[in-house]
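Please read the structure below before turning to the comments.
Numbering (this note's numbering), first residue to last: 217 to 484.
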């Protein structure tokens with residue numbers, strides 16, 4: 217739909233422009249920019265890209281966030297490498313694309329920004345894609361079991377299973393349960409068997425940042441080690457992700473915690 221208050225088209229969705237050719241100049245009607253912008257918004261909404269992330273693209277992904285620390289150059293190189301991998305994926309898709317991507321890294325590293333950048337670019341090129349937060353997806357499936365609900369499990373799951381491209385954000389963020397593991401396992405196995413491409417982000421690594429053994433404090437109180445991705449999703453799902461996704465690890469600290477607390481502002 218066109219903007220009803222648009223000064224260029226008067227709400228019709230069409231504007232006239234000069235068309236110069238060898239036979240002379242004529243006035244022709246073309247789609248107004250306000251109508252094109254609205255169609256872009258509609259495409260991003262159909263892909264379920266949240267409004268707060270619709271600004272994300274590769275151009276505004278900052279690969280020079282960190283400074284003032286001896287490890288800052290390595291952290292910035294990690295961001296730059298991840299960006300290059302995802303830009304290449306989006307540019308070449310679907311040619312030669314047989315596997316998805318698994319982005320692993322701490323909170324605030326920019327993983328969601330990068331996968332949204334891919335999804336947004338591909339959707340605007342005409343491909344069909346969907347974005348789902350892991351916890352939100354599980355909740356929608358659970359709600360479909362409620363007899364009062366207006367949706368069924370099939371109505372929720374079918375688009376997720378069949379989407380040409382699925383972004384599953386924040387995998388492992390909720391505590392694992394047999395039902396949750398069975399559900400996400402079914403989704404990933406079905407998409408793998410149908411050769412559907414899946415992009416996944418997670419805050420959990422294959423090796424915990426802390427020691428593999430609990431840390432003993434002077435008081436003899438044990439501090440448990442941090443969970444790995446396998447702890448959160450199980451060995452079977454982790455094994456399936458090895459098969460269906462290329463792993464991209466962002467080796468950086470939590471941007472929101474480490475940088476914003478220091479007074480810097482940026483896009484994440």
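Virtual Cβ for every residue (Gly too), placed ideally from N, Cα, C.
| Item | Value |
| --- | --- |
| What are the residues that DSSP puts in a beta bridge with residue 316? | 461 |
| Rounding to the nearest angstrom, what Cα-Cα distance links residue 428 and residue 448 in this structure? | With a pLDDT of 46 at residue 428, under the threshold of 50, the predicted position of this residue should be treated as unreliable, though the coordinate-derived value follows. When rounded, the distance between both Cα atoms is 16 Å. |
| Of all the options 419, 373, 381 and 225, which has the alpha carbon lying nearest to the alpha carbon of residue 401? | 373 |
| Just the C-alpha distance for residue 385 and residue 234, rounded to the nearest angstrom, thanks. | 46 Å |
| Under three-state DSSP, which class holds residue 410? | coil |
| If you follow the alpha helix (DSSP H) that residue 445 is in, where does it begin and where does it stop? | 445 to 449 |
| Work out the CA separation of residue 318 and residue 464 for me, nearest whole Å. | 6 Å |
| Please report how far the alpha carbon of residue 281 lies from the alpha carbon of residue 466, in whole angstroms. | 13 Å |
| Taking residue 279 as the reference, give the member of 416, 442, 330 and 379 with the closest Cα. | 330 |
| In this structure, how does DSSP classify residue 324 when only helix, strand and coil are distinguished? | coil |
| Do the CB positions of residue 375 and residue 404 come within less than 9 Å of each other? | no |
| Any chance you could list the beta strand (DSSP E) runs of at least 3 consecutive residues sitting entirely within the segment 373 to 411, in chain order? | 381 to 385 |
| Using a 10 Å radius around the Cβ and a threshold of 16 neighbouring Cβ atoms, would you call residue 361 buried or exposed? | exposed |
| Keeping to the same chain, check which residues put their C-beta closer than 6 Å to that of residue 243; ignore five residues upstream and five downstream. | 232 |
| By alpha-carbon positions, which one of 420, 313 and 276 ends up nearest to residue 462? | 313 |
| Is the CB-CB distance between residue 380 and residue 341 below 9 Å? | no |
| Leaving aside the five residues before and after residue 389 along the sequence, list all residues of the same chain whose C-beta is less than 6 Å from its C-beta, in chain order. | 350 and 351 |
| When burial is assigned at 16 or more other CB atoms within 10 Å of the CB, is residue 299 buried or exposed? | buried |
| By alpha-carbon positions, which one of 417, 470 and 451 ends up nearest to residue 316? | 417 |
| With 16 as the cutoff for other CB atoms within 10 Å, does residue 439 come out buried or exposed? | Caution is warranted here: a pLDDT of 46 is assigned to residue 439, below 50, making its placement in the model unreliable, and no coordinate value can be reported. |
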